[in-house]
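With UniProt numbering applied, the sequence shown covers 1 to 224. For every residue, glycine included, the Cβ atom is placed at its ideal position computed from N, Cα and C. Treat the numbers as computed from the prediction; the structure is a model and nothing was measured.
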Amino acid sequence: MTEATAMSLPDEVMIEILSRVDSSNHLELRCVCKLWKSLFLDPIFMKNYFLTSITDLTSLCRKANEQFNALKSRIKEEQEKEDDGNEEDLDLDFNGAAAVEEEEEEEEDGDVDAEEEEEEEEYSKKNVLAELIKFMEKEKQFEKKGENLDSLDEKWMIIKVVVLDNSLLFVRYIKNFTLNFLESIKSMEDRVELKGNSESIRVEMQTMEYKMKCLEIFTQIYLE
């Protein structure tokens, strides 16, 4: 009995096989399928691929968000330590207190610049979050209408892609925020730890960028 090759299998069989394998290795899929573009025109394959991509991207975004929350907790602890240090400064004698006030006046200009940078970062974050929330609300509206996943409704697909693209934008913000905070850390041990977190977020962001690019291309082909 001769072994069936990929070229000799019916399209329906190939699509069924490919819908059951890990679709993240696109080069491998391309090698075993003669009619590469026909895969993206098949609703079953696209549904499986689309939902798998959503799960993977959501998981990556969640991991980055967990690291971001841990970083915010670290910042809060640092601020509390600074507040405790400020309370100790209040116990200085009159001359010491006067010296502290003079130093604060000298650093006032630098503090204003730092506050402006923080406000810009906060504004950028709020913009990203606002866009993310807006598209997530649209997604919920379509889900409430009972869109049929089997038919891969075009509006549903577009909304999903936009939501994930905004999630990627938020992960980029997390990476930049981590790098900026890293520069302000003086402790070598803390810097090494945060540098590891930053590298992890960078890798996750690159993975998301690659998956998003593939998902956008596949969706565009399917909707044409």
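Here the region 193 to 204 does not lie against the region 45 to 54, with fewer than 3 beta-carbon pairs under 8 angstroms apart. Between the region 70 to 80 and the region 211 to 221 there are fewer than three inter-stretch CB-CB distances shorter than 8 angstroms, so the stretches are not counted as touching. In this structure, residue 201 and residue 70 do not form a Cβ contact; the two beta carbons are roughly 11 angstroms apart against a cut-off of 8 angstroms. Each residue's CA atom was taken as its position, placing residue 81 and residue 206 some 35 angstroms apart. Taken through DSSP and simplified to helix, strand or coil, residue 56 comes out as helix. Of all alpha-carbon atoms in 53, 160 and 67, the one lying nearest the alpha-carbon of residue 175 is that of 67. A distance of 8 angstroms or more separates the beta carbons of residue 157 and residue 57. Residue burial is scored here from C-beta neighbours: residue 73 has fewer than 16 other C-beta atoms within 10 angstroms and is therefore classed as exposed.
Taking all protein chains in view, the Cβ of residue 160 is crowded by 16 or more other Cβ atoms within 10 Å, so the residue is classified as buried. Residue 165 sits in a helix when the DSSP states are folded into three classes.
Under the three-state reduction of DSSP output, residue 41 falls in the coil class, being neither helix nor strand.
Of all alpha-carbon atoms in 45, 219 and 59, the one lying nearest the alpha-carbon of residue 162 is that of 219.
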